[in-house]
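What follows is a set of notes on a single structure, which appears directly below.
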Amino acid sequence: MILPESGRTTVSLMNKEHIHDVVTLHKEAYAGFTNVLFGDKYLFNFMEWFASNDHCISLVSLNDKLEPTGYVVGLPLSEREALKKRQLKWASIGLLRRPYLILHPTLVKKVFAFAKSKVFPIPTIRLEPRAGIVGLVSIAVSPSEQGTGVGKHLLASFEINAKQKRFDMMRLYVDSNNARARNAYISMNWTLLETDVESGSIMFTKKLK
Ligand SMILES: CC(C)(COP(=O)(O)OP(=O)(O)OC[C@H]1O[C@@H](n2cnc3c(N)ncnc32)[C@H](O)[C@@H]1OP(=O)(O)O)[C@@H](O)C(=O)NCCC(=O)NCCS
Numbered sequence: 042m043i044l045p046e047s048g049r050t051t052v053s054l055m056n057k058e059h060i061h062d063v064v065t066l067h068k069e070a071y072a073g074f075t076n077v078l079f080g081d082k083y084l085f086n087f088m089e090w091f092a093s094n095d096h097c098i099s100l101v102s103l104n105d106k107l108e109p110t111g112y113v114v115g116l117p118l119s120e121r122e123a124l125k126k127r128q129l130k131w132a133s134i135g136l137l138r139r140p141y142l143i144l145h146p147t148l149v150k151k152v153f154a155f156a157k158s159k160v161f162p163i164p165t166i167r168l169e170p171r172a173g174i175v176g177l178v179s180i181a182v183s184p185s186e187q188g189t190g191v192g193k194h195l196l197a198s199f200e201i202n203a204k205q206k207r208f209d210m211m212r213l214y215v216d217s218n219n220a221r222a223r224n225a226y227i228s229m230n231w232t233l234l235e236t237d238v239e240s241g242s243i244m245f246t247k248k249l250k
């Protein structure tokens, strides 16, 4: 497996020893996001899924003390439903432990948007064949390291891994308000394929073949 080095950043495969630090930096980078509300167990199991699954991609960037400064994870689209099912269990446990979260504005907004999408489904672009597509599910860089090139380094490494795993295409969703992430994908030559005006999320893709 070839993983590039640049300056003081090394990218390595994520292993179980990294997960605690990865969860901590995820909570800092995604402060206020729904998945952070579900608690540490939800996040730990989320990361573990990627780190222990050979056909997924899970990478960490490390500083010169070999401490994680960022991560990126992805999976074949065909496995998305299995991950969702597993995480639903951990999300429910998180909510049962802190039922007051049901009234959290972020969660209320999400539930409302989900219900609306079921009543008034929005036509979306389907990417076929799903088997050849890897979804970049999550990427984050520790806030103290953001803007220093770590994100681009992770994206370049993700792409190398996706090619080695013989995927044809990479795909991701990002909130249209997230200018920093949007710029990072554009600067790594991802193509904006679709904007979902209702949910405010944008789909980017990049062909690998
Ligand atoms: C999005 C994220 C992973 C990018 O990583 P990063 O290390 O900050 O980004 P980099 O330093 O590698 O910069 C990549 C590009 O982002 C853009 N960028 C960097 N800092 C920026 C800023 N303050 N504002 C706007 N764009 C910025 C630039 O276009 C840059 O490319 P360039 O150097 O060729 O101009 C990181 O900011 C992050 O963890 N954000 C919080 C979590 C998140 O939003 N994840 C993505 C959800 S889909």
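Note that the sequence shown covers residues 42 to 250 in the numbering used here. Using N, Cα and C, we set each Cβ at its ideal position, and we do this for glycine too.
Nonlocal neighbours in the same chain, by C-beta distance under 6 Å from residue i, ignoring five residues either side
i	result
Pro140	none
Cys97	Phe91, Leu116
Trp231	Phe245, Lys247
Ser179	Val114
Thr236	Ile243
CA-to-CA distance, residue j to residue i, given in whole angstroms
i	j	result
Pro162	Ser93	35 Å
Arg49	Gly188	14 Å
Ser119	Ala172	6 Å
Ile43	Val52	Bear in mind that the predicted position of Ile43 carries a pLDDT of just 49, short of 50, making it too unreliable to give a figure here.
Leu177	Val113	8 Å
Met88	Leu100	10 Å
Ala156	Lys57	36 Å
Arg62	Glu108	According to the sequence shown, residue 62 is Asp rather than Arg. Approximately 8 Å, taken between the alpha carbons.
Lys125	Leu54	23 Å
Arg175	Arg207	The sequence given here places Val at residue 175; Arg does not occur at that position. Cα-Cα distance, rounded: 10 Å.
DSSP state of residue i mapped onto helix, strand, coil
i	result
Ala72	coil
Lys250	coil
Phe79	coil
Ile43	Model confidence at Ile43 stands at a pLDDT of 49, short of 50, so the residue's coordinates are unreliable and nothing is read from them.
Cβ-based neighbour list, residue i, same chain, cut-off 8 Å, excluding 5 preceding and 5 following
i	result
Lys204	Leu249
Arg138	Gly80
Met229	Lys193, Leu196, Ala197, Glu200, Lys247
Ile60	Phe85, Met88, Glu89, Ala92
Cut-off 7 Å between Cβ atoms - residues of its own chain near residue i, not counting five sequence neighbours on either side
i	result
Ala320	Since the first and last residues shown for the chain are 42 and 250, residue 320 lies out of range.
Leu142	Leu78, Leu136, Leu148
Ser183	Leu66, Glu69, Ala70, Thr110, Gly111
Ala222	Val215
Cβ-heavy atom distance, residue i to ligand 3, below 7 Å
i	result
Thr236	By its list of ligands, the structure shown excludes ligand 3, since it contains just ligand 1.
- Could you pull out every unbroken alpha helix (DSSP H) segment of at least 4 residues lying fully inside the region 157 to 219, listed in chain order? Runs of the alpha helix (DSSP H) inside the region 157 to 219: 191 to 205.
- Please write down, chain order preserved, every residue whose beta carbon lies under 6 Å from a heavy atom of ligand 1. In chain order, the qualifying residues are Ala70, Tyr71, Ile180, Ala181, Val182, Gln187, Gly188, Thr189, Gly190, Val191, Gly192, Lys193, Val215, Asn219, Ala220, Arg221, Ala222, Asn224, Ala225, Ser228.
- Completely contained beta strand (DSSP E) runs for the region 86 to 142, where each covers 3 or more residues: Qualifying beta strand (DSSP E) stretches, in chain order: 98 to 103, 109 to 117.
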